[in-house]
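Residue numbers (UniProt numbering): 1 to 508.
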């Protein structure tokens, strides 16, 4: 609305200035073409009077326009934080394509979510509350939309980067602190695998002497870098003076849960605590979040995947919860019906495949419940003719077309895209479902025009229960949660404890 007012105002100002110029030109022409005395030319005097009155009117309108423009720009600036948050979200989403080439999102898709957030966020007469509502709603919706199309191994990375970028924009996290977090000074690279420059790696010989052999070289290098931040300016000296306390803390099974020596617990927020743990546990980086041994079975049973993770991951999750809220730290559950509802006949739905994550059965079941026929073709050599026929029939008569394993039919993808976008009449119930493995030659344009999702089992007991008993649709039979938990416990948890009790014990 503000932008429309500004555009209308600019048009009025331009028209008034043009009218002023025409009056000046007309008056100048009459003055130069009049023969004889100017005073005796009554028509000239009339034109001069009209010009004067019109000029005064135009000048008044321009003054009003200038004041209105100031008011509009002031109101627009109040909404600047919304635009800033939008730019953070959009550029992070586009950067994820460096993690996996299939993670492609167009500006048009993003603006669609942005506009929906403006429309659906809670209204308020107080501008500051309205802005906060828009930012909160937009951030969560964009996060949910983007995470739905990421593999499980990248969802935590995306959420952590989102949290860091937002905190950096608000100056809660300094740029130097961010570089300290992502830089692996032993390997000379950043651990988040994105395009952030962390500076040259440190040389151990050029650093202060390491006080004890039990401190790894990489740990000492990270601590030297950490000491450049004012919160940790004295940490090297503190470690040297209190080596036994630091070793006792480091040797704890879960040091991130223990009291940190030298009163750091009292002085550090969640993020700076993450920096400290990251420096002490360099072998437990973000990249290892999905290489955790199944030996952590007890913690896995106790709760969420990240709560059984290594110290850096656990503290990173705490930081996300502290900064963004618990809902960002929880794993998302795929709601296939909602994914379908967000699509339209010209927006394909693409599932990125992984081991054991074929969504075919789920799509067919959803179609049956919605009373929509699902027909499918598995792509491969010579299957293009069957795919064309399926598309023609479903686009004309309605229904869902599922093309499986499209990474085996890349030559057909451009034709497929043209068919969906250029066909004049498409039945309103038509949907195109696509499954594909990651392939560097998969058409980017097709990815950018599609709604993307993955169908991997979520990490952790909590998310697993949600997926099994509550994920997807809310329609159908209602299952009592108590019975669900009891079934899951008897099936999965009790056998794990039973196996633990069978562990051989030493003879006395």
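Beta carbons: idealized from backbone N, C-alpha and C, even for Gly. Owing to the predicted nature of the structure, the values given are computational and were not obtained by experimental measurement.
Is the beta carbon of residue j closer than 8 Å to that of residue i?
i, j, result
"residue 58", "residue 16", "yes"
"residue 100", "residue 154", "yes"
"residue 348", "residue 434", "yes"
"residue 430", "residue 379", "no"
"residue 272", "residue 345", "no"
"residue 419", "residue 402", "no"
"residue 252", "residue 214", "no"
"residue 404", "residue 454", "no"
"residue 261", "residue 236", "no"
"residue 162", "residue 143", "yes"
"residue 318", "residue 270", "yes"
"residue 442", "residue 408", "no"
"residue 352", "residue 98", "no"
"residue 274", "residue 264", "no"
"residue 131", "residue 82", "yes"
"residue 145", "residue 113", "yes"
"residue 350", "residue 421", "no"
"residue 9", "residue 54", "no"
"residue 105", "residue 88", "no"
Tell me the residue span of the alpha helix (DSSP H) that contains residue i.
i, result
"residue 397", "384-397"
"residue 264", "264-267"
"residue 47", "42-78"
"residue 222", "217-226"
"residue 156", "152-169"
"residue 378", "Careful: residue 378 lies outside any alpha helix (DSSP H), inside the beta strand (DSSP E) at 374-378."
"residue 381", "Run containing residue 381: none; DSSP gives neither H nor E here."
"residue 181", "175-182"
"residue 142", "127-148"
"residue 329", "326-329"
"residue 112", "107-120"
"residue 417", "413-422"
Give the range of the beta strand (DSSP E) segment to which residue i is assigned.
i, result
"residue 99", "Neither: residue 99 is in no beta strand (DSSP E) and is coded neither H nor E."
"residue 404", "400-404"
"residue 214", "Neither: residue 214 is in no beta strand (DSSP E) and is coded neither H nor E."
"residue 368", "Not the beta strand (DSSP E): residue 368 falls in the alpha helix (DSSP H), residues 360-369."
"residue 340", "Run containing residue 340: none in the beta strand (DSSP E); it sits in the alpha helix (DSSP H), 336-341."
"residue 432", "431-436"
"residue 453", "451-454"
"residue 349", "349-352"
Out of the options, point me to the one whose CA is closest to residue i's CA.
i, options, result
"residue 115", "103, 93, 329 and 141", "141"
"residue 222", "361, 409, 93 and 280", "280"
"residue 312", "377, 256, 343 and 351", "256"
"residue 363", "340, 441 and 390", "340"
"residue 452", "138, 118, 85 and 150", "150"
"residue 412", "328, 424, 132 and 381", "381"
"residue 122", "138, 108, 112 and 113", "138"
"residue 316", "86, 440, 157 and 82", "157"
"residue 398", "425, 352 and 181", "425"
"residue 19", "167, 414 and 52", "52"
"residue 7", "45, 68 and 63", "68"
"residue 336", "358, 204, 249 and 42", "358"
"residue 415", "437, 388 and 400", "388"
"residue 392", "423, 370, 372 and 406", "423"
"residue 228", "56, 95 and 179", "179"
"residue 343", "177, 432 and 70", "432"
"residue 278", "226, 96 and 376", "226"
"residue 110", "456, 457 and 448", "448"
"residue 136", "220, 62, 107 and 324", "324"
"residue 77", "206, 330, 128 and 371", "128"
Using a Cβ-Cβ distance under 8 Å, would residue i count as near chain C?
i, result
"residue 345", "In the displayed structure, chain C is absent; only one protein chain is listed."
Task: Every unbroken alpha helix (DSSP H) within the stretch 227-278, with a cutoff of 4 residues, ordered by chain - done: 235-241, 243-250 and 264-267, all fully within the stretch 227-278.
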